[in-house]
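Just below is one structure, and these are the notes that go with it.
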Amino acid sequence: MEELTSPKKLCKEPVNGERKDTCLIIRTLAQYGILESITSYLFPVDLDSLAATSRAAYKAIFPRKESRLNLLRKMNCDGTGIQIRKKCHKKSVYFERFGCTEVAECGTQTQDRCVESRSCISCGFTTCNECRIHCVYQSIFQTEDEDDELPNFSGFVLLSQPEMGILSPAHHGKGGPGAFWDLTSHHDIGILDSPLETDVFAAPESIDEIINTDLGIGPLKVTYASNLPHPSPVIQAFWDITEERKRLVCNSCFEKKSEQRNTLHPQCHCTLKKRFLDRWLCIKCYKAEENAQQNSDYGIWDRQACSFKCRCSQQISEASARLTCLWCWGEVATPAYTPISAYL
Numbered sequence: 007m008e009e010l011t012s013p014k015k016l017c018k019e020p021v022n023g024e025r026k027d028t029c030l031i032i033r034t035l036a037q038y039g040i041l042e043s044i045t046s047y048l049f050p051v052d053l054d055s056l057a058a059t060s061r062a063a064y065k066a067i068f069p070r071k072e073s074r075l076n077l078l079r080k081m082n083c084d085g086t087g088i089q090i091r092k093k094c095h096k097k098s099v100y101f102e103r104f105g106c107t108e109v110a111e112c113g114t115q116t117q118d119r120c121v122e123s124r125s126c127i128s129c130g131f132t133t134c135n136e137c138r139i140h141c142v143y144q145s146i147f148q149t150e151d152e153d154d155e156l157p158n159f160s161g162f163v164l165l166s167q168p169e170m171g172i173l174s175p176a177h178h179g180k181g182g183p184g185a186f187w188d189l190t191s192h193h194d195i196g197i198l199d200s201p202l203e204t205d206v207f208a209a210p211e212s213i214d215e216i217i218n219t220d221l222g223i224g225p226l227k228v229t230y231a232s233n234l235p236h237p238s239p240v241i242q243a244f245w246d247i248t249e250e251r252k253r254l255v256c257n258s259c260f261e262k263k264s265e266q267r268n269t270l271h272p273q274c275h276c277t278l279k280k281r282f283l284d285r286w287l288c289i290k291c292y293k294a295e296e297n298a299q300q301n302s303d304y305g306i307w308d309r310q311a312c313s314f315k316c317r318c319s320q321q322i323s324e325a326s327a328r329l330t331c332l333w334c335w336g337e338v339a340t341p342a343y344t345p346i347s348a349y350l
């Protein structure tokens, strides 16, 4: 260990005015097999810090454009997603009151169960199943008090704050395989109930139906009652994110975008499942995508003209407006009972 860390022994002294030989560490890093072994114990931020120590180190670690992505795939998840979840999600007052337990731990730190990891589709970082974005995180449970009772489950929608009730199939009296959940995480399945700290009644909704709704033919379908607020507290977070993706553009820009994508009058058929589950996306990249969407300059309100204008500066009217999905750039159908003017 002393030989590797001693500055005098890392590089040979110059002989007769010749340039120094390459440092031992640099020669070591240049051997890909050894580099792979070293990086398997590092996280992405450590690898970038090591590469930034010198130009020679950077060239040894990233000799080609593809090198960084190849090394990132061999690393462990760094737990960033869990850290973000803990900052965004807020446990209800019932968590401590009823002695609940939370199961939310990065796959790298987990000792007693296997958590799948893959490369994030956006940044390439290795991301475990707990650190990627899910539509519904079922991460909290309260054990049953009696033998004839069922445990209670709860969790969170995306990165929204309130703790939501989650019902297993067994809670609805449905038997069969998978009806009785064990006390581990069961993300994106079951029946979503109201936030635990709300006073507003709302009917529970099937998570499967929510995440598979075709958002191109209309807004989320929910169990509707005229005396309840819309959207209901159960789907509020989903409603916000799916409505936020809609933008008005003029006919010219829509047609131009269609030509660029080699599609003729594309129709949106996005679902929450396609957007957030079929794509293995780390939570950090999810937040970046949502921030970019919120800051999109489509459909800007022109105060002087008291109307919306497209990013090309053309005024958007009832006749020239196209309601577009920022996820796929397809056209979103406008429900018959909601005129396009409602979006203007």
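The sequence shown begins at 7 in our numbering and counts up by one. Beta carbons: idealized from backbone N, C-alpha and C, even for Gly.
Alpha carbons only, please: which of Ala57, Thr116 and Ser145 is nearest the one belonging to Lys96? With respect to the C-alpha of Lys96, the residue from Ala57, Thr116 and Ser145 having the closest C-alpha is Ser145.
Excluding five sequence neighbours on each side, which residues of the same chain lie with their C-beta closer than 8 angstroms to the C-beta of Lys252? Excluding residues within five positions, the ones whose Cβ falls inside 8 angstroms are Leu329, Thr330, Cys331, Leu332, Val338 and Tyr349.
Is the stretch 274 to 286 close to the stretch 133 to 147, with three or more CB pairs under 8 angstroms? In this structure the stretch 274 to 286 touches the stretch 133 to 147; the number of beta carbon pairs closer than 8 angstroms is three or more.
For Thr107, which beta-bridge partners are listed by DSSP? Per DSSP, Phe147.
Under the three-state DSSP convention, the category Asp199 falls into: In the displayed model, Asp199 falls within a strand according to three-state DSSP.
Taking contact to mean 3 or more Cβ pairs, one atom from each stretch, closer than 8 angstroms, check whether the stretch 77 to 92 and the stretch 106 to 121 are in contact. Contact between the stretch 77 to 92 and the stretch 106 to 121 is present, because at least three Cβ pairs lie under 8 angstroms.
List the residues that DSSP assigns as beta-bridge partners of Gln321. Answer is Lys315.
Bounding residues of the beta strand (DSSP E) (the contiguous stretch that carries Pro132): Checking the displayed sequence, the identity of residue 132 turns out to be Thr instead of Pro. Thr132 to Cys134 is the extent of the beta strand (DSSP E) around Thr132.
Measure from the alpha carbon of Leu35 to the alpha carbon of each residue in Ile289, Phe49 and Pro69, then state which is nearest. The residue with the shortest Cα to Cα distance from Leu35 is Pro69.
What residue does the beta strand (DSSP E) around Arg124 start on, and which one ends it? Per DSSP, Arg124 belongs to the beta strand (DSSP E) from Ser123 to Ser125.
Rounded C-alpha distance that separates Lys227 from Ser200: If I take the Cα positions, the gap works out to 16 angstroms.
Sort out for me which residues DSSP pairs Asn76 with in a bridge. Beta-bridge pairing links Asn76 to no other residue.
CB contact flag (Leu189, Val109, <9 angstroms): For Leu189 and Val109, yes; Cβs fall inside 9 angstroms.
Applying the criterion that 16 or more other CB atoms from any shown protein chain within 10 Å of the CB defines a buried residue, is Gly182 buried or exposed? Per the 10 Å Cβ criterion, exposed.
What's the call for His236, buried or exposed, on a 16-neighbour Cβ count within 10 Å? Note on His236: under 16 other CB atoms within 10 angstroms of its CB, so exposed under the neighbour-count rule.
Return the chain-ordered list of same chain residues with a C-beta closer than 6 angstroms to the C-beta of Cys259, the five sequence neighbours on each side being excluded. Setting aside the 5 residues that flank it on each side, Cys259 is surrounded in the same chain by Cys316 and Cys318, each with a C-beta closer than 6 angstroms to its C-beta; the list follows chain order.
To the nearest angstrom, how far is the alpha carbon of Gln6 from that of Cys94? As shown, the chain starts at 7 and ends at 350. That puts residue 6 outside it, with no answer to give.
Is Leu221 closer than 9 angstroms to Leu198 when the C-beta atoms are compared? Here Leu198 is not near Leu221, since their CB atoms are 9 angstroms or more apart.
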